[in-house]
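Trainee: Chains D and W, in that order, give the protein sequences.
Start counting the first sequence at 2; every next residue gets the next number (the numbering used here).
Start counting the second sequence at 2; every next residue gets the next number (the numbering used here).
Where is the CB? At the ideal position from N, CA and C, for every residue including glycine.
This is the structure, below, for whatever I ask next.
Number of protein chains: 2
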Amino acid sequence: MEIGITTFAETTTDPATGLRFDPAKRLSNLLQEMRLADEVGLDVFGVGEHHRPDFAAPSPTVILGAAAAVTSRIRLSSAVTVLGTDDPVRVFEDFSTVDLLSNGRAEVWAGRGSFTESFPLFGYGLNDYDQLFADKLDLLLKLRENERVTWEGLGRAPIDDLGVYPRPVQQPLPVWIAVGGNPNSVMRAGRLGLPLVLAIIGGEPRRFVPLIDLYRESAREAGHDPAKLPVAINSHGFIADDADDAVATFYPPYAEVMSTIGRERGWSAMTRSQSLVVGLHR
Amino acid sequence: MEIGITTFAETTTDPATGLRFDPAKRLSNLLQEMRLADEVGLDVFGVGEHHRPDFAAPSPTVILGAAAAVTSRIRLSSAVTVLGTDDPVRVFEDFSTVDLLSNGRAEVWAGRGSFTESFPLFGYGLNDYDQLFADKLDLLLKLRENERVTWEGLGRAPIDDLGVYPRPVQQPLPVWIAVGGNPNSVMRAGRLGLPLVLAIIGGEPRRFVPLIDLYRESAREAGHDPAKLPVAINSHGFIADDADDAVATFYPPYAEVMSTIGRERGWSAMTRSQSLVVGLHR
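As structure tokens, this is what we get:
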């Protein structure tokens, strides 16, 4: 088993002061966190892409590049790369650069995206949400297999036998499929024989077991050995000396984030007992 | 006057061994060079975007992100960003991230591009070469002026009053216009009141004086004070104890690069005396 940390580089409004956290300070703190995670021996640090005022990481690979320069062994991941609204050629070039800078520690976590801001921002329609991801994933996988590629698909100009450089240290560059709970996405990851990372943002982890079973079954049916396919989960977490301390410290800013996002998505407001349940399950 | 270094992170074949320079080693060396440049007090370090096997920097901002983490005062530039084939929203987000990581040391050098690989690779036509740059520059300038933008133009989806984050430390984020010698590009930079960087890849620097005059005249006509508009030049350079040493060391790899590129562009082969002339003029 391996353990790591992922973040979206939150610049959430502090409920105590009403002020938004300064993004320069947030990224400075983040680099210190990544350096410390490397020093204490965590296995992976992931930075996720969002295009909103409450997060400071629309460009995870720039931050992972910075982390590559100040860490020596921790793996550096996107968590996630919103592949459907990006260009897989740029994604490959950026991650290949992180991989070279880190001497083979880069990983792409490719997902369809849990927020939708990047769709109108980069000119894509949400009705193409799944097909954009499928087609662009196909291109990304071709790029990591071959120096020159030919490809045609949705949401990106076709490519006719062109080379993409530089080539990464890792052959192939690791690509994980990041899923929020959609069974079709889980089956796709299995069929392709790609490692799976599952986001458990709320709810009890045991409820996600059937998805892992489905993933392994899909992999087996497609001829892949499930025992060789790693599975990761991501959950909100906070560590303190005891559970009361953890809830007292963590609840106010956590509720601020979840309520802000919940208002956009029509969730009911978070309660303190939910937070505690989450806390006890981690 | 300020002085700096720019590079494309060459991975040129070594004429002595016939081997291509390892891109991981090249980027490791580059970070050391950037750190040293910062320590000895150079003013700026620029990394230029190319999409070819003989250069390791298709993603300058990932490298600038790494440099931000290991330098403290040198300015960090692209040299150049090929704006016509990129997405100005991604460009702004990436440079804003470099700016936050470096506490306000990022600069965009935006150019139309001297190599053409990025056009077929990203699905653009060379017949739109100039209009793509003009329209995307307009969007980039809008993005640095306002948190929310509305835009419509060539080579990118329109944007209807959307926000782009995070905002950089510098207000506004510096944008230079990088020009290879085209008079219309020089006039555009002047009209927009943007700083100019001129690439002098070959030929005598004095031949470029009329372009600088044209730039300042265009700026003045558009109501900008030319005295407040910095001008930079970039040339190939190599420093040794004396001119003979410089030519003996620099000539073989330099001729390899210039002849490789020259063959693609139909230049005549480089001679040792040309190299010497270049050496004496720097």
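Assess, as a yes-or-no matter, whether the region 221-228 of chain W is touched by the region 190-200 of chain W under the definition of 3 or more beta carbon pairs within less than 8 Å.
Mentor: Short answer: they touch.
Trainee: Does the beta-carbon distance from residue 119 (chain D) to residue 83 (chain D) come in below 7 Å?
Mentor: As a first step, residue 119 (chain D) is located in the first sequence; it is residue number 118 there, counting from the start. As a first step, residue 83 (chain D) is located in the first sequence; it is residue number 82 there, counting from the start. Cβ atoms of residue 119 (chain D) and residue 83 (chain D): closer than 7 Å.
Trainee: Using a C-beta cutoff of 7 Å, does residue 1 (chain D) count as contacting chain W?
Mentor: Residue 1 (chain D) falls outside the range modelled here, since chain D spans only 2 to 283, and no answer is possible.
Trainee: Report yes or no: do the region 95-112 of chain D and the region 69-86 of chain D share at least 3 C-beta pairs separated by less than 8 Å?
Mentor: Verdict: yes, contact present.
Trainee: So residue 311 (chain D) packs on residue 236 (chain D), CB below 8 Å; how close in whole Å?
Mentor: The structure shown does not extend to residue 311 (chain D), since chain D is modelled only from 2 to 283, so the question has no answer here.
Trainee: Counting only C-beta atoms, is residue 147 (chain D) closer than 7 Å to chain W at any point?
Mentor: Numbered from its first residue, the first sequence carries residue 147 (chain D) at position 146. Closer than 7 Å: no.
Trainee: Can you check whether the C-beta of residue 95 (chain D) is within less than 7 Å of a C-beta belonging to chain W?
Mentor: Along the first sequence, read from residue 1 onward, the residue named residue 95 (chain D) stands at position 94. It does; some Cβ of chain W falls within 7 Å.
Trainee: Using a Cβ-Cβ cutoff of less than 6 Å, which residues in the same chain neighbour residue 16 (chain W) once the five nearest sequence positions on both sides are dropped?
Mentor: Taking the second sequence and counting its residues from 1, one reaches residue 16 (chain W) at position 15. Around residue 16 (chain W): 253, 257.
Trainee: Starting from residue 46 (chain D), follow the alpha helix (DSSP H) in both directions and report where the run begins and ends.
Mentor: Translated into positions along the first sequence, residue 46 (chain D) becomes position 45. It is not in any alpha helix (DSSP H) - residue 46 (chain D) instead sits in the beta strand (DSSP E) that spans 45-48.
Trainee: State the DSSP-derived secondary structure class of residue 133 (chain D), mapped to helix, strand or coil.
Mentor: To locate residue 133 (chain D), count along the first sequence from 1; it is residue 132. In this structure, residue 133 (chain D) counts as helix in the three-state DSSP scheme.
Trainee: Could you compute how far the alpha carbon of residue 229 (chain D) sits from the alpha carbon of residue 2 (chain W)?
Mentor: Here residue 229 (chain D) is taken as the residue at index 228 of the first sequence, counted from 1. Here residue 2 (chain W) is taken as the residue at index 1 of the second sequence, counted from 1. Answer to the nearest angstrom: the Cα atoms are 59 Å apart.
Trainee: Using the Cβ count rule (16 or more neighbours within 10 Å means buried), how would you classify residue 108 (chain D)?
Mentor: For the purposes of this step, residue 108 (chain D) is identified with residue 107 of the first sequence, where counting begins at 1. Residue 108 (chain D) should be labelled buried.
Trainee: Mind checking the region 51-75 of chain D against chain W and listing, in chain order, the residues whose C-beta falls within less than 7 Å of any C-beta there?
Mentor: Cβ contacts with chain W: 52, 53, 54, 57, 59, 60, 62, 63, 64, 66, 67, 69, 70, 71.
Trainee: Of all the options W:5, W:8, W:14, W:205, which has the alpha carbon lying nearest to the alpha carbon of residue 260 (chain W)?
Mentor: In the second sequence, residue 260 (chain W) corresponds to position 259, counting from 1. Residue W:14 is the option with its Cα nearest to residue 260 (chain W).
Trainee: If you follow the beta strand (DSSP E) that residue 77 (chain D) is part of, which residue opens it and which one closes it?
Mentor: Counting from one through the first sequence, the residue named residue 77 (chain D) turns up at place 76. Per DSSP, residue 77 (chain D) belongs to the beta strand (DSSP E) from 76-79.
Trainee: Count the CB pairs spanning the region 161-176 of chain D and the region 52-63 of chain W that are closer than 8 Å, and state whether there are at least three.
Mentor: The region 161-176 of chain D is in contact with the region 52-63 of chain W.
Trainee: Okay, do the region 112-131 of chain W and the region 86-95 of chain W touch, 3+ Cβ pairs below 8 Å being the bar?
Mentor: Cβ pair count under 8 Å is three or more, so yes.
Trainee: Which ranges would you report for the beta strand (DSSP E) in the region 78-152 of chain D if only whole runs of at least 3 residues count?
Mentor: Listed in chain order, they are 107-112, 149-152.
Trainee: Cα-Cα, which of W:113, W:251, W:265 is closest to residue 239 (chain W)?
Mentor: Within the second sequence, the letter at position 238 stands for residue 239 (chain W). Ranking the options by Cα distance to residue 239 (chain W), first place goes to W:251.
Trainee: How big is the Cα-Cα spacing for residue 7 (chain W) and residue 234 (chain W)?
Mentor: For the purposes of this step, residue 7 (chain W) is taken as residue 6 along the second sequence, with counting starting at 1. For the purposes of this step, residue 234 (chain W) is taken as residue 233 along the second sequence, with counting starting at 1. Looking at the two C-alpha atoms, the distance is approximately 11 Å.
Trainee: Could you list which residues in chain D have their beta carbon closer than 7 Å to that of residue 127 (chain W), in chain order?
Mentor: Here residue 127 (chain W) refers to the residue found at position 126 when the second sequence is read from its first residue. In chain order: nothing, as chain D lies at least about 14 Å away.
Trainee: Give me the chain D residues within the contact set of residue 239 (chain W), using Cβ-Cβ distance strictly less than 8 Å, ordered along the chain.
Mentor: In the second sequence, residue 239 (chain W) corresponds to position 238, counting from 1. Residues of chain D passing the Cβ test: none, with the nearest at roughly 24 Å.
Trainee: Can you pull the chain W neighbours of residue 104 (chain D), defined as C-beta to C-beta under 9 Å?
Mentor: The residue labelled residue 104 (chain D) in the question sits at position 103 within the first sequence. What residue 104 (chain D) touches in chain W: 25, 29.
Trainee: Taking 7 Å as the cut-off, decide whether the C-beta atoms of residue 44 (chain D) and residue 4 (chain D) are in contact.
Mentor: Here residue 44 (chain D) refers to the residue found at position 43 when the first sequence is read from its first residue. Here residue 4 (chain D) refers to the residue found at position 3 when the first sequence is read from its first residue. Against a cut-off of 7 Å, the Cβ pair of residue 4 (chain D) and residue 44 (chain D) comes out as a contact.
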